[in-house]
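Everything in the sequence shown is counted per the numbering used here, starting at 3 for the first residue and increasing by one.
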Amino acid sequence: MKYLLSVLCFISITSCQNRQSEQALEQLDKKSAREVTLKTVTKGDSVLHITTQHIWFNGEQITSRSDTILTAVAPGTWNTTDSSATLSKVPIYVTVQ
């Protein structure tokens, strides 16, 4: 029991230290960085999935680009288990490579 309590205390202390080291987005240095914005806009029976990128180098914005993917709000699929689900409400997963 004492061993388990020690492990739990160590984990809680470690997680508190990790939270304190995080920076707010507004405080991050944009001198050399890539800023990516993901946005979902519903227009009628369509959904616009908009990705905007700004690339900064040595304090200057050197390029930017916006791409849009157009889909139906509720595309027809074979699996109709949840008819209330729409593409405007699906979660966004981001992979950074």
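C-beta: ideal position from N, C-alpha, C; glycine also.
As the structure is a prediction and not an experimental result, all values here were calculated from the model.
- Task: List in chain order: all unbroken alpha helix (DSSP H) runs of 4+ residues lying wholly within the region 29-78.
- Result: none
- Touching by the beta-carbon criterion (3+ pairs, under 8 Å), the region 86-94 and the region 63-72: no
- Name the residue from Ile57, Ser68, Thr97 whose alpha carbon lies nearest to the alpha carbon of Ser34. Ile57
- What residues in its chain sit with their C-beta under 7 Å from that of Leu116, if we drop five residues either side in the sequence? Residue 116 falls outside the range modelled here, since the chain spans only 3 to 99, and no answer is possible.
- Beta-carbon gap between Thr44 and Asp69 smaller than 7 Å: no
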